[in-house]
Structures are given as C-alpha cells and as structure tokens.
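> Handing you this structure, nothing more for now.
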Amino acid sequence: MTILPARRMGRSMPGGSKPVVAQAEPTVHRNIADVFFRLLTGFCGLLIVVLMAAIAIQLLVNSQMSLKEFGWRFFWDQTWNPVTREFGAASSIYGTLVSTAIAMIIAAPLGLLIALFLVELSHPILSRIVGSAIELLAAIPSIIYGMWGLFVFAPLMQRMVQPALGKTLGVLPLFQGPPMGIGMLTAGIILALMVLPFITAVTRDVLLMVPPLLKEAGHGFGATMWEVTRRVSLPYGMQGIVGAMFLGLGRAIGETMAVTFVIGNSHRISPSLFESGNTISSAIALEFGEAVQDPLFKSVLIELGLILFAITLVFQILAHLWLVRLKRKEGK
Amino acid sequence: MRERSLAGRRITDAVVRFIAAASALAGIAFLAWILIDIALKGGTALNWDFFTKRTGPFTLPDTGMANAIVGTLYLTLAATIIGVPIGLLAGVYLSEFGKDSPVSTTVRFVSNALMGIPSILIGVFVYTLLVVPMKSYSGYAGGVALGIIMLPVVARTTEDMLNLVPNELRESALALGAPRWKATLGVIFRAARTGLVTGVLLAVARISGETAPLLFTAFNNNHFTWFSGNGAGRYFYDMREPTANLTVTIFQYAMSPYERWKEQAWGASLLITAGVLVLSVVARIVFRGKQYGHAK
Numbered sequence: 296m297t298i299l300p301a302r303r304m305g306r307s308m309p310g311g312s313k314p315v316v317a318q319a320e321p322t323v324h325r326n327i328a329d330v331f332f333r334l335l336t337g338f339c340g341l342l343i344v345v346l347m348a349a350i351a352i353q354l355l356v357n358s359q360m361s362l363k364e365f366g367w368r369f370f371w372d373q374t375w376n377p378v379t380r381e382f383g384a385a386s387s388i389y390g391t392l393v394s395t396a397i398a399m400i401i402a403a404p405l406g407l408l409i410a411l412f413l414v415e416l417s418h419p420i421l422s423r424i425v426g427s428a429i430e431l432l433a434a435i436p437s438i439i440y441g442m443w444g445l446f447v448f449a450p451l452m453q454r455m456v457q458p459a460l461g462k463t464l465g466v467l468p469l470f471q472g473p474p475m476g477i478g479m480l481t482a483g484i485i486l487a488l489m490v491l492p493f494i495t496a497v498t499r500d501v502l503l504m505v506p507p508l509l510k511e512a513g514h515g516f517g518a519t520m521w522e523v524t525r526r527v528s529l530p531y532g533m534q535g536i537v538g539a540m541f542l543g544l545g546r547a548i549g550e551t552m553a554v555t556f557v558i559g560n561s562h563r564i565s566p567s568l569f570e571s572g573n574t575i576s577s578a579i580a581l582e583f584g585e586a587v588q589d590p591l592f593k594s595v596l597i598e599l600g601l602i603l604f605a606i607t608l609v610f611q612i613l614a615h616l617w618l619v620r621l622k623r624k625e626g627k
Numbered sequence: 123m124r125e126r127s128l129a130g131r132r133i134t135d136a137v138v139r140f141i142a143a144a145s146a147l148a149g150i151a152f153l154a155w156i157l158i159d160i161a162l163k164g165g166t167a168l169n170w171d172f173f174t175k176r177t178g179p180f181t182l183p184d185t186g187m188a189n190a191i192v193g194t195l196y197l198t199l200a201a202t203i204i205g206v207p208i209g210l211l212a213g214v215y216l217s218e219f220g221k222d223s224p225v226s227t228t229v230r231f232v233s234n235a236l237m238g239i240p241s242i243l244i245g246v247f248v249y250t251l252l253v254v255p256m257k258s259y260s261g262y263a264g265g266v267a268l269g270i271i272m273l274p275v276v277a278r279t280t281e282d283m284l285n286l287v288p289n290e291l292r293e294s295a296l297a298l299g300a301p302r303w304k305a306t307l308g309v310i311f312r313a314a315r316t317g318l319v320t321g322v323l324l325a326v327a328r329i330s331g332e333t334a335p336l337l338f339t340a341f342n343n344n345h346f347t348w349f350s351g352n353g354a355g356r357y358f359y360d361m362r363e364p365t366a367n368l369t370v371t372i373f374q375y376a377m378s379p380y381e382r383w384k385e386q387a388w389g390a391s392l393l394i395t396a397g398v399l400v401l402s403v404v405a406r407i408v409f410r411g412k413q414y415g416h417a418k
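In the order they appear, the protein sequences are chains A and B. Under the numbering used here, the residues of the first sequence are numbered 296 to 627, in order. Under the numbering used here, the residues of the second sequence are numbered 123 to 418, in order.
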C-alpha cells in the first residue's frame, strides 16, 4: 500500500513496497489524516474557482434590473442622468478603452526602451540598482499616483503641456479645447506611469533570457547593439514581450484610483483628449455611494462592473492562450 | 539585403542608445519626482496630533489619523487571517497533489485570472455578498475583500516556492515514514520557509495600499471602533462597524475643498507609501538572505 502518487515516487522507490516506519503508527489513522489533508488542500484550491464563479454570478444577478431596463442599447447609449434614471454605458466603455490606449501608447515603447537600457547599455551595478528601484515603484499604491496626478501633474498639464499641444497639434480634434488639466489625456499619462514599472520589469526579464551566445554571434558579424537587438533579441523575446504588454494592459484597464482623481467624471463622449471623461471603474468608485439609494442606479453601476469583468476576463484568456501557444512551441 | 554604410549604421545605433538612455532617465525622473513630492508634502503633515488624534470634521482644529492607522492595521490583519491559510493550502494542492491534473490546471488558470480582476470589482462583489445582507458597511466586509485579493497571490507564490524544493527532500521524509501532511507541513514548508514568508509579505504589501475594494465594504469612520468594556476586547476593533482606514480617508480628504484635509491626505500617503516600500524591501532582503540551497 502506498500513500504517494506513483509518478512522484516512481524513481526512487520501487512500486508497491511498504515504507519503513520508524515510529509505528496505525496505518489506518495515517491514511485518514492524509486523505483529510489532501481533501482540505483540494477544497482550498477549488474555493478560488468557486469565488470566481460567485463574482460572476453576483455581478450578473445584481445587474438584472439594469439589464432588463436598458437591454443592448446600454452599450451605445451615452445618456447618463441619475435624476430621470436614464443610463447608458457608452461613455464609460469609451473612456476605459481610450485611457488604456493612451497609457499603452506611452508605456509600451518607453518600457521597452528602458528595459533595453538596463540590459544592453548600463553598467551591471547601475542596472541592478535601477532595476530594483523600478520593481519597488510597481508596489506604490495606485491612490498615490492619483493624488499626485491631481495636485501636481494636472496643474502642470494645464499650464504647460496642453497649451503647447494645442498650439502644435491643435489642428487635430484630439488636442482641441480649453486646457483644464484634468481629463482623458492626463488620466492616460498617469496610467502610463503606473504600468511603466510593470512593463519594464517583465520586458527586462525577457531580454535577459536571450542566450548570450546568440547575441555574441551577432556582434561577431560586426552588428551594432541596435542591430543585434532588432534582429536577434526582439524576435527571440517577442512573445514574452507581447505577454508583458498584455499584463500591463490588464492592469491599466481596470485601474481605479489613479484614474478616478484626474479623469473629471463626465459622461459625455468628446473627441478631444483634453475633455473630462470617465472610465467604468472611476464611475463605480465615484458614484456607487449615491447609487445605493436607488436600486436601478446601483444595478446600472453593477452592470458596468459586469462589463469590466467580461473585458478583463477576455484579456486574461487571450494572454493564457498566448502563453500556452508559447509553451507548445518551446516544447517542439 | 540592402547594403548600408557603416557610418549610417553607427549613427542609427547611437541615436537608439541616446533615446534608450533618455527614456530611462525620464522614467526614473518621473518616478523620483512622485516620491520626492510625497516625502516633502507628506513630511510637513506628520506631527504628534497626526498619530494620536482621530479623524473628524474639518471644523475641529486638532484632528489626526490615529483611528485610520489602527483601522488599516486591523483590516490588513483580518485579510491576512482570511487569505494566507487558504492561499497556502491551495498552493500545497497545486504543487503537491494536483500537479498537472485538469482540476489543478483549472485552479491555476482561475487564480491567474482572479489576480487580474480589477480590485474595485472585488469590492462590489463583497458589497453584494456581505454588506447588503448585513445592512451595514463593516470591517469584516473590508477584510474579506482584501483577503480575496490576497488569496490567489499567496496560492501562486506558494506553489512556485514549493516547486523549488527538491524532490529528494519529499522522498526522504516519506521514506522515514512521515505521513504526507507531516512531510509537507514539517519538512517541505520548512525548506521553503523564506520563500513563503516573502510571498506573504509581498501579498500584504499589495493589499495594504488598496483603496477601491474598501470604498463600499469597510467604508470609513471618524471614530476608534474598539470593543467597549474592560475585557481584552478593548484592544481590538469591533469589525462589525464601518472601519476607518488610511486609504479611503486619503480619497475623501484629497477630494475635499479643505486645505488642511489635503495636507493630511499627503501625510497619510507618505505613511502608506513608506509602509508598503518597507514591506517590499524587507521581503526582498529576507528572500535574498536565505534562499533554499544557499543556506547550509
């Protein structure tokens, strides 16, 4: 009788042989304890799955009222009037996607370049110091970024950045309108700062995994640092880098506090990035407090939550499938 | 392939080098800027009252953050009590029993997905689950919300750390006749101890700065919510009440029009940032100091 899964012990213990017991304990008791332990750990593991299902169910059940009231039109309606109780999610979905897009447009190349600097250019000691500093910065709570954005960065945007952008790129509708400091662009930049450490750290790890031999071969041909990076390191690590971007994207899309402070909470879709907007998470954070009085309003916000849940889940599944593909490729 | 002049290639290379170095400098400068602002603006707000007086209406001249500091500690403690044991056991399942079975593959995937779910949705979930039936915001709800956020983090790091323990150690323990549970908790856990501690510390650091999941669960309170009476209870917060905490207070104070509140919000931000950074640094030192295999 064995108490072990055969695959783990297969190597060192001939199958079926009874382990020598130093302190004789009744085998039956030991088995009961072990079975119990195994069930307990399995139960805790399954609890995670149950929790996830419960989150989905609770969001679905509690948004029923809104789902019935507004139906599919909820997705493209941008009305938002708690007094007449007319609601649509269009501005929140738009704001979530646009602020995330701005964040990624800034943070993805910047993170890649910083990772490149850490791996290829800087002295190893400097690289280690800067690298751990960046990892620590990923730990700073998002509310800190939000507060700093509101009190320090938004005034700066208003005085310097937005007027300058208006002058130079003002022909584009994106950069028109009065400089207000807060708004979609500011929120996107703050989000970019938040996910930057994250993207940098993962991308750096990916670049570090490129075998030195490959890079040395490139240098041996007389290729420059950039040529080796572009033709060797980036293709080699491309899938890992895409994974890093997915992770950053996943963080940016549901980020609440950093955005809530600086987005301005307006439910109007405007082509200008200087205008206020809202994201799903900022709307929930700012309006849930008053919504508890009105069941329909609350249900609307929970339906927004359900949409955010679905979006993040889709990204998680895509990232997962990507990784699975990656592993299968490596296995070849 | 197109011939390119050496000079041209060198110039491209130099330009890329310059841009990369400039990006690194810009990134570091921005992040240093944030930290310095928090240290300077927060530093002026930290005084004796900040640590000893409770929060209160802005009309009161002498308010502080004492009840929120204690509240944050209790909420973090509650989350740790809820999240860590379950997370550890789930990690044991993944590493020791489940391995590559369909069940554990599912658990692993769902854990990763749960880590990616925005924390505000966990807040909404716990609101519908606990706050609505109990008809009150409560510290328990806040602790549960933070605990749920910790759970998958602890489970996944536990799995990773236990996987680092060499199989020979498991086999030796079992060969001596130790039952599986004893081998796991007594031998494998001990071998992976530093890694597990690191994982828990990082998970605690992660939740102690969370705001969004507390907004509609623990909510906030202007009072110390100690249990009444003279028993041991007076050293504990009554978590059935809405519970004061630093992050939600920062949110409310920073959004307010009152200068003094904003100043105190900076102070609280400094405190929470320092706390989170110290926890993260300690976690890294612990891990570097004594990884499995290094210590003999």
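Glycine included, C-beta positions come from ideal geometry on N, C-alpha and C.
Taking only three categories from DSSP, how would you classify Phe569(A)?
DSSP places Phe569(A) in coil when its eight states are reduced to three.
> List, from N- to C-terminal side, the alpha helix (DSSP H) runs of 4 residues or more that fit wholly inside the region 538 to 568 of chain A.
Segments of the alpha helix (DSSP H) lying fully in the region 538 to 568 of chain A: 552 to 555.
> I want to verify the contact list: residues of chain A whose CB lies under 8 Å from the CB of Ile271(B), in sequence order.
In chain order: nothing, as chain A lies at least about 11 Å away.
> Report the CB separation of Ala212(B) from Leu408(A) in whole angstroms; it is logged as a contact under 8 Å.
Not a contact, Cβ separation roughly 38 Å.
> Are the CB atoms of Ala161(B) and Leu399(B) within a distance shorter than 8 Å?
Not closer than 8 Å, so no.
> Leaving out the 5 sequence neighbours to the left and right, which residues in its chain are closer than 6 Å to Lys622(A) when beta-carbon positions are compared?
Result list for Lys622(A): empty, nothing under 6 Å.
> Among Ile310(B), Leu284(B) and Met283(B), which has the Cα closest to the Cα of Leu296(B)?
Here the closest residue by C-alpha is Ile310(B).
> Please classify Met533(A) as buried or exposed, where buried requires at least 16 other C-beta atoms within 10 Å of its C-beta.
Exposed: under 16 other Cβ atoms inside 10 Å.
> Would you mind giving the Cβ-Cβ distance between Phe172(B) and Gly389(B), rounded to the nearest angstrom? I have them listed as a contact below 8 Å.
Rounded, the Cβ-Cβ distance is 6 Å, consistent with contact.
> With DSSP run on the structure shown, which of helix, strand or coil describes Trp375(A)?
Of the three classes helix, strand and coil, the one that applies to Trp375(A) here is strand, per DSSP.
> Quick one: residues in its chain with C-beta nearer than 6 Å to the C-beta of Thr369(B), no 5 flanking neighbours on either side, listed in chain order?
Around Thr369(B): Thr333.
> Quick one: list the residues of chain A neighbouring Phe338(B), beta-carbon separation under 7 Å, in chain order.
Those within 7 Å of Phe338(B) in chain A are Phe583.
> Return the CA-CA distance between Val404(B) and Thr320(B), expressed in angstroms with no decimal places.
Straight-line Cα distance between these residues: approximately 8 Å.
> Please list the partners that Leu199(B) has in chain A, where partner means a Cβ-to-Cβ separation under 9 Å.
Simply none; closest approach about 18 Å.
> Looking at the structure shown, is Phe247(B) part of a helix, part of a strand, or coil, going by DSSP?
Helix, per DSSP.
> To which residues of the same chain is Pro274(B) closer than 7 Å at the C-beta, ignoring the five residues directly before and after it?
Within the same chain, Pro274(B) has close Cβ partners Ser233, Leu236 and Met237.
> How close, in whole Å, do the beta carbons of Leu445(A) and Val557(A) come, if the pair is a contact with beta carbons under 8 Å?
Going by Cβ atoms, the distance from Leu445(A) to Val557(A) rounds to 5 Å, so yes, they are a contact pair.
> Pairing CB atoms from the region 468 to 477 of chain A with CB atoms from the region 543 to 553 of chain A, are three or more of them under 8 Å?
Too few Cβ pairs lie closer than 8 Å, so no.
> Would you please verify whether the beta carbon of Glu522(A) is less than 8 Å from any beta carbon of chain B?
Closer than 8 Å to some Cβ of chain B, the Cβ of Glu522(A) qualifies, so yes.
> Check whether the Cβ atoms of Ala433(A) and Phe493(A) sit closer than 8 Å, and answer yes or no.
Contact flag set, yes.
> Check each candidate in Gly535(A), Ala496(A) and Trp521(A) and name the one with the smallest Cα separation from Ile133(B).
Comparing Cα-Cα distances from Ile133(B) to each of Gly535(A), Ala496(A) and Trp521(A), the minimum goes to Trp521(A).
> Using 8 Å as the limit for Cβ to Cβ distance, is Leu335(A) near chain B?
Yes, contact with chain B.
> Leaving out five residues before and five after Glu363(B) in sequence, what residues of the same chain have Cβ atoms less than 6 Å from its Cβ?
Thr347.
> Can you pull out the residues from the region 191 to 216 of chain B whose beta carbon lies closer than 9 Å to at least one beta carbon of chain A?
The region 191 to 216 of chain B vs chain A, Cβ under 9 Å: Pro207, Ile208, Gly209, Leu210, Leu211, Ala212, Gly213, Val214, Tyr215 and Leu216.
> Strictly under 8 Å for the Cβ-Cβ distance: is Glu332(B) near chain A by that measure?
True, the Cβ-Cβ gap to chain A drops below 8 Å.
> Taking the Cβ atom as the reference point for each residue, do Thr177(B) and Ser330(B) lie within a distance shorter than 8 Å?
Going by C-beta atoms, Thr177(B) is not nearer than 8 Å to Ser330(B).
> What in chain C is Cβ-close to Val344(A), meaning under 7 Å?
You won't find chain C in this structure, because its protein chains are A and B.
> Which partner residues of Tyr359(B) appear in the DSSP bridge assignment?
Per DSSP, Trp348(B).
> Pick out whichever of Ala428(A), Thr519(A) and Glu570(A) has its Cα sitting closest to the Cα of Arg131(B).
Per the Cα distances, Thr519(A).
> Please identify the residue among Leu601(A), Leu596(A), Leu591(A) and Thr607(A) whose C-alpha is closest to the C-alpha of Thr379(A).
Ranking the options by Cα distance to Thr379(A), first place goes to Leu591(A).
> Residues in the same chain with beta-carbon distance under 8 Å from Val609(A), minus the five sequence neighbours each way, listed in chain order, please.
Hits under 8 Å: none found.
> Grab the span of the alpha helix (DSSP H) containing Pro224(B) for me, first residue to last.
Its alpha helix (DSSP H) spans residues Pro224 to Gly238.
> Would you mind sorting Asp159(B) into buried or exposed? The rule is 16 or more other CB atoms within 10 Å of its CB.
That one is buried.
> For Phe382(A), write down the residues that DSSP places opposite it in a beta bridge.
For Phe382(A), which the question treats as bridged, DSSP gives the partners Trp375(A).
> Hey, could you find the ends of the alpha helix (DSSP H) Arg525(A) is sitting in?
It is not in any alpha helix (DSSP H) - Arg525(A) carries neither H nor E in the DSSP assignment.
> Please return the same chain residues whose Cβ sits closer than 6 Å to the Cβ of Ile439(A), not counting the five positions on each side in sequence.
For Ile439(A), where only same-chain residues beyond five positions count, there are no Cβ hits under 6 Å.
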